[in-house]
Each structure stands twice: as C-alpha cells, then as structure tokens.
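Once you know that position 97 of the sequence shown is 127 in the numbering used here, the rest is easy, because the numbers rise by one and skip nothing. For every residue, glycine included, the Cβ atom is placed at its ideal position computed from N, Cα and C.
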Amino acid sequence: MTRIGFIGLGNMGGPMAANLARAGHAVQVFDLVAENLQKAITAGCIAAGDAREAVGGCEVVISMLPAGEHVCSLWLAEGGGQDLLGALPAGALVIDSSTIDVASARRVGEAARARGIRFIDAPVSGGVAGAAAGTLTFIVGGEQADFEAARPILAQMGQNLFHAGALGAGQIAKMCNNMLLAIHMAGTAEALALGVKEGLDPAVLSTIMGKSSGNNWSLERYNPWPGVMENVPAARGYQGGFMTRLMVKDLGLAMALAEHAHSAVPLGALARNLFNLHASQGQGAKDFSSILALYLDKASG
Ligand code: NAD
31 MTRIGFIGLG NMGGPMAANL ARAGHAVQVF DLVAENLQKA ITAGCIAAGD
81 AREAVGGCEV VISMLPAGEH VCSLWLAEGG GQDLLGALPA GALVIDSSTI
131 DVASARRVGE AARARGIRFI DAPVSGGVAG AAAGTLTFIV GGEQADFEAA
181 RPILAQMGQN LFHAGALGAG QIAKMCNNML LAIHMAGTAE ALALGVKEGL
231 DPAVLSTIMG KSSGNNWSLE RYNPWPGVME NVPAARGYQG GFMTRLMVKD
281 LGLAMALAEH AHSAVPLGAL ARNLFNLHAS QGQGAKDFSS ILALYLDKAS
331 G
C-alpha cells in the first residue's frame, strides 16, 4: 500500500484515482469541483480540503489537470497558485499525467529535480473508458529509473507503459498521437456522413470499413455516429468523454511543436481548424467525436 496524492478528478482523473483506491492504496484526493471530489470519495478515496493537504505524507503524487497553466500554477505557484513542490519531501515522485506543452513539463520537472524530487511527464491515451477499465496507455518522459519507480503505480491504471525518452518526451509523443487521432476522427465522421447521405446504414458502413483498409480507432472503438456503438460518448449525447476544447488545446500544442521542429503538418492544421470551428459553435464542452455535427445537414427552419 502506498500513500498517493491525486489532484484533478475530472473525466480522466476521477476513474484513475478510483482504480488506485480499489487496488488498496490510500489515495488522498483534491479537486476544485465539489461534485468531482464527492464521486472520488464514493469510490473509496480520502478527501482533502486543498491540494497541500492531499499531498501530505505522500511518497507519490499524481496530477491530472486540463492544461500547462494549471500544472504550473499547482506545482510552481505561477499565476498565483500554490508552491506544491515545496510541500513534498526530497525523494518523492511526481507523476503529471495531464497533456501539456513540452516547455511547461520540462520547467516543472527541472524545478522538481532542483529540490531532489523525482518527476515524470506521463500523459495518457485510451479515453474515459480506458481510465475506468484501467487499460490506459501511459507515455512517459523522464529518467529511466523514475519510470521504473512509477511502473507499479501506473500498471494499476494502465495496460501499456512506454518510456518515450527524456523529460518532455512523453508530451511530444502524446501530441503526435492526438494530432493523428484528430485527423482520423474527422475523417471517420466525414466518411460516415457521406455514406449515410447516400442511403447507407451507419452501423453497416462502420462494420464494412472496420474490416477494410479504412479501419481506425475512432471508427472501431469510439464511433462518432449515435446508435452504432454502446458505451461511447456518441451513445450519451457526447457527454463525459474528451472535450472538444481539450482536443483544440492539444492541436494547438501540436502546431507549436511543428513550428519548433520546422515540420509541415497540413492535415493537423486542417483538423485544428475543423475542431476550432466546431468549438466556436458552442460545442466545446462536448466530446470531440461530436465533430460529426459539422458534416450533417442542419434542419431548415
Ligand atoms: P476535465 O476538465 O474533465 O478534468 C480536469 C479536472 O481538473 C477538473 O475536475 C478540474 O476541476 C480540476 N482542476 C483544475 N485545476 C485544478 C486545481 N488547481 N486543483 C485541483 N483540481 C483542479 O479534463 P479531463 O478530460 O479529465 O482531462 C485531463 C487531462 O487529460 C487533460 O490534459 C486532457 O487533455 C488529458 N486527456 C483527456 C482524455 C479524455 O478522454 N478526457 C484522454 C487523454 C488525455
């Protein structure tokens, strides 16, 4: 049993913390949203009044926050936040699983190292269903020894654990993955809308493409068409998955990375524009598979 602090109990962090509690760890949790905190307590976690209390006495602390500014605010006291690193003993292990910009991940990691605290960037893939089932993919940047130290904890929340390279490498790999995910989700929605407008059944078309060369994760595991698949956001009004605004954030991170690398990303840039357009139409809080709406004819008034 390890005493673990867990900050950020949203769509992903909530079920991840619950899995650690289920595995027998003492998981001290905090979130700014009372409802999210309450769900984690119901799942067996221990409530803390603030982040500092959550990390008290912990050897391992995990953060699962929306973006780089939240992570820097929490760990480095930037933007009026707390200096949570200062609350940890030397030798503690910080695992940041948020998807954030590489520079922020490196800044927090280096500040941690300067205080003798171990840090890995460990963004995840697999969605809310993967978080709930404990089958996430963890993509880790940092020291090999710190990755090995984190392995037993990560294995209780995920199935595939990868060490991508040095500090920040987890975020780079995650951005490449999410850019590809955005492209194939938009492409899947586009292909399904075309077939349905020409009279095909979306479930039949999905089965055909799923066994053909157009198959991909968005089609096979996260189908955007309502009614084709159970237990995906499309089956519940696009609630509770990976919010469109978080995908827009990730695509922005991928574009910044491309600029840094002088790498052409024409499809990534197009996908970013599509998801941005969708978000600007009031869909930012819905799951990103709701991009399907962009391809559907609007009912005339
Ligand atoms: P979310 O918005 O549902 O959850 C974020 C949580 O952080 C919220 O509950 C919020 O209240 C909390 N929070 C923010 N600032 C805080 C602070 N200072 N102290 C305590 N709590 C704070 O987002 P999510 O979908 O869980 O995603 C979290 C991260 O994981 C993001 O970086 C996202 O890009 C990434 N991610 C999400 C998915 C997905 O399918 N949802 C998949 C892979 C990666």
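Rounded Cβ spacing between residue i and residue j (contact assumed at less than 8 Å)
i	j	result
A223	L326	6 Å
A216	L95	In fact, because the Cβ distance is near 26 Å, the residues do not count as touching under 8 Å.
V278	N245	With a Cβ gap of about 26 Å, V278 and N245 do not count as contacting.
D126	V101	6 Å
A48	C75	7 Å
I213	G298	7 Å
N401	G98	Outside the modelled stretch of the chain, which goes from 31 to 331, sits residue 401, for which no answer is possible.
A221	L322	A221 to L322, Cβ: 11 Å. No contact.
G172	D151	6 Å
S128	S93	6 Å
G87	R33	6 Å
Buried versus exposed call for residue i [16 or more other C-beta atoms within 10 Å across all chains shown]
i	result
I37	buried
G331	Low confidence applies here, because G331 scores a pLDDT of 49, under 50, leaving its location unreliable; read the following figure in that light. Per the 10 Å Cβ criterion, exposed.
G312	exposed
P153	buried
K328	exposed
A284	buried
N308	For the record, residue 308 in the displayed sequence is His; it is not Asn. Per the 10 Å Cβ criterion, buried.
R55	The displayed chain sequence assigns His, not Arg, to residue 55. Flag for H55 reads buried.
L300	exposed
Q174	exposed
K204	buried
M187	buried
F318	buried
T72	exposed
D113	exposed
G35	buried
Q68	exposed
P119	exposed
P182	exposed
M42	buried
A334	Because the chain here runs from 31 to 331, residue 334 falls outside it and cannot be looked at.
V234	exposed
Enclosing beta strand (DSSP E) for residue i [first to last residue]
i	result
Q58	A56 to F60
H193	G188 to G195
V170	L166 to G171
For residue i, three-class secondary structure by DSSP
i	result
S248	helix
D176	helix
S128	coil
L118	coil
G331	Only weak support is given to the placement of G331: the predicted model assigns it a pLDDT of 49, under 50, and the value that follows is read from those uncertain coordinates. DSSP places G331 in coil when its eight states are reduced to three.
A77	strand
L230	coil
C326	Correcting the residue type first, residue 326 is Leu in the shown sequence and not Cys. Coil.
G40	coil
N- and C-terminal bounds of the alpha helix (DSSP H) containing residue i
i	result
L283	T274 to A291
F149	Run containing F149: none in the alpha helix (DSSP H); it sits in the beta strand (DSSP E), R148 to D151.
F305	P296 to H308
A48	G43 to R52
W105	G98 to L106
K69	A64 to T72
Residue i - partner residues in DSSP beta bridges
i	result
G35	Q58 and V91
V154	F168
L123	V90 and R148
D113	BP columns for D113 are empty, so no partner.
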